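In the working numbering, the protein residues as written are 37 to 272. Quick reminder that beta carbons are idealized off the backbone N, C-alpha and C, glycines included. Predicted model only: the values in this text are computed from it and were never measured.
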């Protein structure tokens with residue numbers, strides 16, 4: 037039975053390990069998705085791996101980035117930003133209360149999304165035929181998702197995520213803990229990407245929806261809503 041609620045997962049990590057660069061949630065990957073699904077009648081809960089405070093990647097607050105699709109309005113909205121001050125711990129929540137899960141990005145997620153706990157939570161969503169989605173570095177949250185036979189959720193699935201060319205373009209290739217594009221493919225994912233770095237690219241494969249980069253967050257939201265509407269239509 038549909039709940040018309042979506043669970044959004046955000047990072048708690050505010051620094052790159054070893055080098056000390058600041059990072060965190062890429063704010064637009066939250067706001068672009070959030071605004072679209074709310075406009076389409078869904079309620080949203082925001083949670084994080086550890087619970088508590090969510091740091092914002094300072095690069096996502098640059099003027100040209102912040103002005104995209106109304107992110108600046110959300111940044112100035114104190115009630116909205118307060119949602120990131122003391123988030124609930126993701127694994128304390130019940131998948132039965134939601135229709136979908138969405139993993140936001142920002143480089144911080146590379147340190148706290150790839151976990152067995154989040155993997156087990158996400159597997160419950162997928163096994164219950166709920167939509168599983170992620171954008172940019174968010175697919176790091178899919179790397180530890182094992183299904184009943186021990187197979188990776190990604191095995192044989194069409195998928196995307198932040199490309200290595202984009203990592204090099206962002207000048208972060210030397211400081212990230214792994215190559216996301218490579219890891220998605222190593223688990224059997226049929227990885228694809230846009231013809232040019234940083235161009236929007238969204239891939240849907242049944243209950244799995246992934247977006248390549250920050251510019252794909254709105255498209256990921258559109259694909260998630262479409263998938264949920266198709267599920268609702270089948271259940272009527």
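Host alpha helix (DSSP H) of residue i (start-end)
i, result
"residue 138", "Premise fails: residue 138 lies in the beta strand (DSSP E), 136-139, not in any alpha helix (DSSP H)."
"residue 253", "253-271"
"residue 159", "152-163"
"residue 71", "63-75"
"residue 145", "145-148"
Whole-angstrom distance between residue j and residue i, CA atom to CA atom
i, j, result
"residue 133", "residue 172", "25 Å"
"residue 226", "residue 136", "22 Å"
"residue 123", "residue 146", "19 Å"
"residue 233", "residue 176", "19 Å"
"residue 180", "residue 272", "34 Å"
"residue 79", "residue 87", "19 Å"
"residue 39", "residue 210", "42 Å"
"residue 168", "residue 241", "10 Å"
"residue 198", "residue 231", "13 Å"
"residue 162", "residue 156", "10 Å"
"residue 142", "residue 270", "35 Å"
"residue 205", "residue 71", "28 Å"
"residue 97", "residue 144", "15 Å"
"residue 5", "residue 55", "An answer regarding residue 5 cannot be provided, because it is not within the stretch 37 to 272 covered by the chain."
Residue i vs residue j beta-carbon contact at 8 Å
i, j, result
"residue 61", "residue 91", "yes"
"residue 196", "residue 228", "yes"
"residue 48", "residue 130", "no"
"residue 44", "residue 140", "yes"
"residue 138", "residue 239", "no"
"residue 24", "residue 178", "Any answer about residue 24 is impossible in this case: the structure gives the chain only from 37 up to 272."
"residue 46", "residue 82", "yes"
"residue 185", "residue 246", "no"
"residue 166", "residue 105", "no"
Residue i versus the options, residue with shortest Cα-Cα distance
i, options, result
"residue 182", "158, 225, 114", "158"
"residue 67", "252, 269, 265, 263", "252"
"residue 249", "80, 65, 185, 40", "65"
"residue 213", "265, 121, 53", "53"
"residue 51", "270, 208, 265", "208"
"residue 202", "193, 194, 215", "215"
"residue 63", "262, 99, 125, 166", "99"
Start and end residues, beta strand (DSSP E) containing residue i
i, result
"residue 246", "244-247"
"residue 170", "167-171"
"residue 41", "41-45"
Residue-level contact to chain C via CB, residue i, 8 Å cutoff
i, result
"residue 164", "Although the question refers to chain C, the structure presented lacks it and comprises just one protein chain."
- Message: Would the stretch 216-224 count as touching the stretch 179-197 if we require 3 or more Cβ pairs under 8 Å?
- Response: yes
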